[in-house]
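In our numbering, the protein residues as written are 35 to 118.
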């Protein structure tokens with residue numbers, strides 16, 4: 035899988051207005067992947083934000099090699115979708 039040199043990939047949710055729910059993947063220089071979800075609470079209109087990080091397997095200390103690989107594949111898919 036070949037990713038562009040861009041390290042952050044994002045997509046708006048399909049069922050929400052643009053910018054209301056955003057999935058963001060950031061691939062750090064060491065290969066670790068940070069997943070972020072930005073959304074707006076429809077009742078309070080306050081922004082919410084959550085992140086989780088998966089480290090590169092092996093030397094990076096990651097314990098979820100299949101998940102880590104899938105996230106890199108997801109980043110490539112998000113990049114393809116964004117270029118359409």
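Backbone N, C-alpha and C fix where the C-beta goes; we use that ideal spot for every residue, glycine too.
{"Query": "In the DSSP assignment, the alpha helix (DSSP H) including residue 114 goes from what residue to what residue?", "Result": "99-116"}
{"Query": "Our contact map puts residue 45 next to residue 115 with C-beta atoms below 8 Å; I'd like the distance itself, whole angstroms only.", "Result": "6 Å"}
{"Query": "Per the contact definition of three or more C-beta pairs closer than 8 Å, is the region 42-56 in contact with the region 93-106?", "Result": "no"}
{"Query": "In whole angstroms, what separates the C-alpha of residue 94 from that of residue 56?", "Result": "27 Å"}
{"Query": "What distance in whole Å lies between the Cβ atoms of residue 90 and residue 66, which are believed to be in contact at a cut-off of 8 Å?", "Result": "6 Å"}
{"Query": "Could you check what DSSP says for residue 62 in three-state terms: helix, strand or coil?", "Result": "coil"}
{"Query": "Is DSSP giving residue 53 helix, strand or coil here?", "Result": "coil"}
{"Query": "Expressed to the nearest angstrom, what Euclidean distance is found between the alpha-carbon atoms of residue 70 and residue 61?", "Result": "11 Å"}
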